[in-house]
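Some notes on the structure that comes next.
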Amino acid sequence: MMKYNRAKQLLFFFVLHASLISMPVFADSSITEGKKLALDFCVACHQFTGTNQAGSLGPPLMVMKSRFPDRKTIYDIIYDPAVAIRPHTMMPPFGRNKLLMKEEIDKIIDFLYSL
595 MMKYNRAKQL LFFFVLHASL ISMPVFADSS ITEGKKLALD FCVACHQFTG
645 TNQAGSLGPP LMVMKSRFPD RKTIYDIIYD PAVAIRPHTM MPPFGRNKLL
695 MKEEIDKIID FLYSL
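Using the numbering used here, you'd call the opening residue of the sequence shown number 595 and step up by one each time.
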């Protein structure tokens, strides 16, 4: 019985250790990919940290996590702002028009939450 418990403890330790090591790498790559997407799709209209271009058509993208604690709100705005914000918005419906896929929108949100 003693050997079984020890093996179980070691297995738990290695699984926990592996998950803690891999989590930040995934998060960092998602943020990096999200930033690249934001530079391609958002910077023309929005201002945010890490760029020299200051878009002035849309609101600045800063302190997004505290402004929008529910990720679904930002997702809905990016997916189809005419439904999420107002019908005659200038922002294109990136998701509805399939300019961005769900995974790409999620990466942009990861980046926005890092600002």
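Note that beta-carbon positions come from the ideal geometry of N, C-alpha and C, so glycine has one too.
Exercise for the section: Let me know the alpha helix (DSSP H) ranges lying completely inside the region 621 to 670, each 4 residues or longer, listed in chain order. Expected result: 658 to 661
Problem - Alpha carbon of H682 to alpha carbon of A676, nearest angstrom - result: Within the sequence shown, the letter at position 88 stands for residue 682. Within the sequence shown, the letter at position 82 stands for residue 676. Distance between the alpha carbons of H682 and A676: 6 Å.
Problem - Integer Cβ distance of T626 from V637, believed to fall under 8 Å - result: Taking the first residue of the sequence shown as position 1, residue 626 is located at position 32. Taking the first residue of the sequence shown as position 1, residue 637 is located at position 43. Actually they are not in contact, since the Cβ atoms of T626 and V637 sit about 15 Å apart, beyond 8 Å.
Practice task
Express the C-alpha separation of I702 and L655 in angstroms, rounding to a whole number.
Solution key: Against the sequence shown, residue 655 aligns to sequence position 61. Against the sequence shown, residue 702 aligns to sequence position 108. Computed Cα separation, rounded: 11 Å.
Exercise for the section: Whole angstroms is fine: what's the gap from D700's alpha carbon to R690's? Expected result: One-based indexing of the sequence shown puts residue 700 at position 106. One-based indexing of the sequence shown puts residue 690 at position 96. One C-alpha to the other measures close to 15 Å.
Handout entry: Reference M685, options G649, L706, L709, closest by Cα
Key = One-based indexing of the sequence shown puts residue 685 at position 91. Residue G649 is the option with its Cα nearest to M685.
Problem - Enclosing alpha helix (DSSP H) for F705 [first to last residue] - result: Here residue 705 corresponds to residue number 111 of the sequence shown, with the count starting at 1. 696 to 708 is the span of the alpha helix (DSSP H), which, as asked, contains F705.
Problem - DSSP state of I679 mapped onto helix, strand, coil - result: Start at 1 with the first residue of the sequence shown, and residue 679 comes out as number 85. In this structure, I679 counts as coil in the three-state DSSP scheme.
Problem - Exposed unless 16 or more other CB atoms sit within 10 angstroms - verdict on D704 - result: Locating residue 704 in the sequence shown gives position 110, counting from the first residue. The residue in question, D704, is buried, as its Cβ has 16 or more Cβ neighbours within 10 Å.
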